[in-house]
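A.B. asks:
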Amino acid sequence: MRQASCRRRVFLGLLFTLAVMTVETRSRLELAASRDAGAVVPQSENPSGLPLIPPLGLDLYLPAPPENPVTAEKLALGRRLFAEERLSADGRTSCASCHQRERAFTDGRRLARGVYGRTGRRNVPSILNRAYGTAFAWDGRAATVEDQVRRAISGHTDLGLSAALAAERLSHDATYTAAFEAAFAAPVSGEALVKAIATFVRGALSAGSPFDRFLAGDTAALSPASRRGYTLFTGQARCGRCHAGPLFTDEDLHNTGVSWGRDAGRFEVTGLPQDRGRFKTPSLRNVALTAPYMHDGSLNSLEAVVEFYNRGGRRNPNLDPAIRPLHLSSDQRSDLVAFLRALQGEAAATTGAALSSEVPK
Amino acid sequence: MRHWRLVWTIAAVASLSAGIASQTQSGHAVFEQALAKERVDGNLPEAIRLYERVVTEFASDRALAAQALVQVGLCYEKLGRDDAVRVYERLVRDFADQEDAVEQARVRLAALKRPAPGGAAATMPVVRAFPRVDSINDVQALSPDGTKAAFITYDKGQNLAVYDAVSQQATRLTDFDWSSASSWVSSAAWSPEGRRIAYMACSWRPDTGCDMRVATLTGESRLIVRREEGIAIWPGPAGWLPDGSALVVMLGRADNTYSIGLVPAAGGPFTQLRSIGSWAGQYPEWPKVSPDGRWIAFSEGSQGMRGIHVISRDGRTAHRITDRPADDHQPLWSPDGRHVAFLSNRNGSAALWTVAVRDGQAVGEPVRIKEGMQDANLLGWTTRGLAYSEHLRTDDIYTMPVDPASGEPVGSPRLIPYRRTGRNIAPGWSPDGKYLAFVASSAAEPDHRAVVLLPSGGEPREFPIPPSAYAYAQGPYDLRWFGDNSGLGFSGLDGRGDGVLVRLTLATGEWKTYPLPVKTWTRIEWNADGSRYLYARQDFGSDDPGIVERDLQSDRERIVFRRNVKSNDWFRGLRFSPDRRSLAIKGTSGSQGIVILDVETGQTRLVYDKAVGETLTSDFSAVPTWSPNGRALLVFRTDNPGTEKQATDLRLIPVDGGEVRRMPLGAELTRLLSPGRGAPRPTVRDIVWSPDGGHVAFVVSSSRLETWVIENPMALAGTTDAGSRK
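Here the protein sequences line up with chains A and B, keeping their order. Residue 310 is where the first sequence starts when you use our numbering, and the numbers rise one by one after that. Residue 13 is where the second sequence starts when you use our numbering, and the numbers rise one by one after that.
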């Protein structure tokens, strides 16, 4: 049995090597131009060890820290851990409980609901494309993906368990022991657990939207309403002031007046008066799937969001100067919503196999 | 005998009188004479003599003497004489208390006194001038063999042209004109074989974006990236892959974000490699591809703290190759791909550095090549050397006595008594007439400051403008006083491209910024106490162009004037009448005319329009000045529409109708505005009439671009500059 297993591994290895050689002979431009979301290519020697190609519209360069490069093994492990309920204090909650793939990794609720059904203070943000992010959580308190993962595992209204304890639970599972060995050449540990999940988050990419295709030359990809909406987005509606760049977020924090007086936002991190009421600009990719909106989930539809900004947000002493009444007509508001819907990615999925809530035995 | 005694007596008295006369001439006046000799006449030996007179005869004014020594050194440099080093050393030694001048001397000494490794002068980097391609000399890039220059020509539009340094011939490759339906050219990137040039062709409409095209040296252009209606992108060609298959592009978007990527040379989709943050709202620099095509170097970082990065051509790998708290920017690959040159202020002054690179990573410490690069723009590194352009611009403020009734010059123009020269703009008299305010900076200290001084001299009050307040490259142009003399303010754009109002309270010296509800440049004026201001909504940045009054505290706005028909004209300048009831507006008629706006009623009337064959000086800051009695406007009339505007006379325009009075400039002013030998023609702008009517102040500007090639720049490779760190 062991011999057969060994031969199988050798055979698969040879196949893999052949695939590497085949793929490597293709020009990089061809790869980039024809990339599908989640296409797997051989691991290179660079620090990111990038075994996947970001979809159309995202940078080919996928940032990853030198101490946690992206590898196929970590992606696979991270995918499994993402659905692993043993990481939670109640043993019934996983990352995937809130970050549901079919909702672009949000949960459709106004406020997050974590371990033991505890309700959080804020809406569940999507994890898509966060590999490119530089600030995490609604108040920007986490500076890296790893940091955010660590906080989520231990958060009282998240999973409620320390990474070390979670690792302890998994260390008795031989399949995890093997997976961690393959990914890290080390036993199960809290830090490795965090790194694996962070790697999975980095691999959660989505783009290739109609807007991306339009920019790439497919002039029919955007409807006339969407095109008008884009003009408004970067012009009169001023959305591009904050929702900028390929990710449609400036990774900065702004005060739009949402939940003013009820949630201090960034102020809780810095203590600076000018940070009161400032929250992170979320990405607008796949925004049609991530209702309800705003950090408190107070707006149920894209139309409501557009109307909120059309009125000039909610006036308060710290209101961002970019927020002001927009004087958009009804048709213009509709066009803007049409454009937002055109940011729907082709496949809001991670690379490789579909996410499963079942833990393999 | 008596006869000869009389003659000798008269001669002695005459000599004594001359001596007394020269003594009574102020040091500043002699300095001005020297400056005119240097910059207007191009008579450097005479200028040196006069500067040296300042140093010896007016030694008690140490600031002036030190500045005169700086000018002596610069003159010797232009003459190619080694005496420059001696002069700068003397300045450093004997005028240690004059920090500004000493700093300038140190910078020049560092540039001039490069020790030769091994003592072989022939291996030293040598800087040679590349021939001027035309009068403007806006060179974009040199060909790979260094013999041709792609440049922008402005004769009949903004077009791409090529200058061949061997044949000394220039050829225009595109054929756009100045009409709003045409396009304008920006950027140029030579193909590896040196026979094609990629460039951007942009619409004059700001929301439309640009094409990217490739032109052959015979003027045939092919579209590579087409601009789409309503989707504004700016595909800037930054270079070609060595096999010519694709172009490296910096793609700009309407939301002011940028990405580096590749576009097939035959046309095709943009492959996005790396998005970068723009620096303080400015345009990012163009990336540079290595000679082997494997790596792309670019700069990125926050304001004043950029670093040099490289990314692999496939976007997989990225490294930072400079990592010091300094502003490292404008990377350039050496022809052998083993070094990256860049500009940096890491040693306290702008200099050219290189760092060895292998497999996309830095090897060893950077080496300093050349100092004095504060105005430099690196163009390329060819087999003939490292080419850069230098934008040398001077802006100096003069005052001139005039007739209080007519504004006609009655005396000579004089440089204002301020120790820094070369970058002073936006003069304005305080409403009570006691002071003159302006914005100053200098090559040695590029940060801007508002300066308030007595026109007759004395210690100026200087108010450094917070560098984060605004993101203008050249400084604010609409510095204006509050009506009650208590403060000043101007408009600008912040790092995000949003309008910002910058306000100074003189009593406290405190600067404060306020959001300005515009997304383009604008012009402002203040009410009496600075609590409200008027600003212009430009046609191209707003659906509701006009003049608006806004309250600083409440943000409440009142539309003072609404332009009902959108045009391509801009509000180029606003100026309050002395009673602050009327606003003179430049440039609203679509023909660069002057309009008077009643601020209360919103009624307008055109008081001066362009006549056939004439233009008014139409620089951004050109706005007429009011007569002290508020009944007329004074403005310079210019000739030669295009890029070289020559002021020919002064015009006094009654605001209630009546004949326009034309007045000559006077011999002194005419001479000041005449081009010197080999020097560019100065232009005049920003005229302001003092409240007592006795003087006007104005800015005289000259600008020129020079292209240089540093031959053998790697002569210092292998040596380590003392104190340099990666």
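All C-beta atoms, glycine included, are put in the ideal place defined by N, C-alpha and C. Remember, it's a predicted structure, so these values are computed and weren't measured experimentally.
1) Using a Cβ cut-off of 9 Å, which residues of the region 363 to 380 of chain A contact any Cβ in chain B, in chain order?
2) Please identify, using Cβ separations under 8 Å, the residues of the region 518 to 531 of chain A that lie next to chain B, in order along the chain.
3) Whole angstroms is fine: what's the gap from E718(B)'s alpha carbon to Y100(B)'s?
4) On the three-pair Cβ rule with 8 Å, is the region 592 to 599 of chain A touching the region 546 to 564 of chain A?
5) Per the DSSP calculation, C5(B) is bridged to which residue(s)?
6) Report the option in E205(B), T695(B), R617(B), M412(B) whose CA atom is closest to the CA atom of K160(B).
7) Which same chain residues end up closer than 7 Å to P478(B) when comparing Cβ atoms and leaving out the 5 residues on each side of it in sequence?
8) Which chain B residues are close to Y425(A), counting only those with a beta carbon under 8 Å from its beta carbon?
9) Report yes or no: is there a C-beta of chain A within less than 8 Å of the C-beta of T616(B)?
10) Buried or exposed, going by whether 16 or more other CB atoms sit within 10 Å of the CB of V375(B)?
11) My understanding is that V711(B) touches D371(B), with C-beta atoms under 8 Å, so please give their C-beta distance in whole angstroms.
12) Answer with buried or exposed for Y370(A), where buried requires no fewer than 16 other C-beta atoms within 10 angstroms of its C-beta.
13) Which ranges would you report for the alpha helix (DSSP H) in the region 589 to 622 of chain A if only whole runs of at least 4 residues count?
14) With respect to the alpha helix (DSSP H) encompassing I462(A), which residues constitute its N-terminal and C-terminal limits?
15) What does F282(B) touch in chain A if you count any residue whose Cβ is under 8 Å from its own?
16) Any C-beta of chain A sitting closer than 8 Å to the C-beta of G392(B)?
17) Which word fits L91(B), buried or exposed, when buried means at least 16 other C-beta atoms lie within 10 angstroms of its C-beta?
18) Determine the extent of the alpha helix (DSSP H) in which E44(B) is found, giving its start and end residues.
19) What first and last residue would you give for the alpha helix (DSSP H) that runs through K90(B)?
20) Quick check on the burial criterion: 16 or more other C-beta atoms within 10 angstroms. Buried or exposed for S468(B)?
21) For the alpha helix (DSSP H) holding Q641(A), just list the boundary residues, first then last.
22) Between G250(A) and G289(B), what straight-line distance do the alpha-carbon atoms span, to the nearest angstrom?
23) Tell me the rounded alpha-carbon separation between F450(B) and W190(B).
24) Using 10 angstroms around the beta-carbon of K383(A), count the other beta-carbons present and answer buried if the total reaches 16, otherwise exposed.
25) Check whether the Cβ atoms of A462(B) and L404(B) lie closer than 8 Å to each other.
26) For a test of the three-state rule: what should DSSP assign to G538(A), helix, strand or coil?
27) I'd like the list of long-range same chain contacts for L390(A), defined as Cβ closer than 6 Å, with 5 residues on each side in sequence excluded.
28) The beta strand (DSSP E) that contains V139(B), what's its start and end?
29) Can you list the beta strand (DSSP E) stretches of 3 or more residues lying completely in the region 492 to 561 of chain B, in chain order?
30) According to DSSP, what are the bridge partners of A162(B)?
31) Is the region 524 to 534 of chain A touching the region 622 to 635 of chain A, taking contact as three or more C-beta pairs under 8 Å?
32) Just checking my contact of N438(A) with S515(A) at CB under 8 Å: how many whole Å lie between their CB atoms?
33) D167(B): buried (16+ other C-beta within 10 angstroms of its C-beta) or exposed?
34) With distances taken Cα to Cα, identify the nearest neighbour of R716(B) among Q83(B), L121(B), N149(B).
35) Of the residues G419(B), A266(B), S314(B), H351(B), which one's Cα is nearest the Cα of K300(B)?
36) So for A659(B), helix, strand or coil by DSSP?
C.D. replies: Reading off the structure:
1) P363, L365, G366, L367, D368, L369, Y370, L371, P372
2) F523, L524, A525, G526, T528
3) 24 Å
4) yes
5) For chain B, the structure presents residues 13 to 738; residue 5(B) sits outside this window and is missing.
6) E205(B)
7) W523
8) Ordered by position in chain B, no residue passes the 8 Å Cβ test against Y425(A), which lies about 41 Å from the chain.
9) no
10) exposed
11) Actually they do not touch by this definition, with Cβ atoms about 51 Å apart.
12) buried
13) 611 to 619
14) 454 to 463
15) L524, A525
16) no
17) exposed
18) 39 to 48
19) 74 to 91
20) exposed
21) 639 to 650
22) No answer is possible for residue 250(A): the residues shown for chain A start at 310 and end at 670.
23) 33 Å
24) buried
25) no
26) helix
27) A505, I506
28) 138 to 141
29) 499 to 505, 511 to 517, 522 to 528, 536 to 538, 544 to 549
30) A153(B), V174(B)
31) no
32) 6 Å
33) exposed
34) N149(B)
35) H351(B)
36) strand
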